[in-house]
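Numbering (my numbering), first residue to last: 45 to 142.
Here's what the structure looks like:
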């Protein structure tokens, strides 16, 4: 795991904890973290190598990238998108109650 991936992971855990603690700002944080995280994971793993932040799966030979690597990356992307969408839903629900 890269340093950037580790930092993002810690931020994700903080936001998940905020959601579970029902913090007022948690829904907005879920949107702010979920969607960019999905894009970043897709860019880092699903695109061919494009920068130092890239950990490209396409074309990876002899690097330990397996079918499980692909499964895990896609699952992370889907989870991040769902987290962002849940934040949008919570924001809309709270705005309707005002």
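Backbone N, C-alpha and C define an ideal beta-carbon position, used for all residues, glycine too.
Owing to the predicted nature of the structure, the values given are computational and were not obtained by experimental measurement.
Worksheet item: If you drop the 5 nearest sequence neighbours on each side, which residues of the same chain put their C-beta closer than 7 Å to that of residue 113?
Response: 101
Worksheet entry | Segment limits, alpha helix (DSSP H) that includes residue 47 | 47-64
Worksheet item: Looking only at its own chain, which residues have a Cβ that is under 6 Å from the Cβ of residue 134, when we skip the five neighbours before and after it?
Response: 71
Fill in: Coil, strand or helix - residue 76 by DSSP
helix
Worksheet item: Any Cβ of chain D within less than 9 Å of the Cβ of residue 67?
Response: The structure shown contains no chain D; it is built from a single protein chain.
Fill in: Buried/exposed call for residue 144, threshold 16 Cβ in 10 Å
The structure shown does not extend to residue 144, since the chain is modelled only from 45 to 142, so the question has no answer here.
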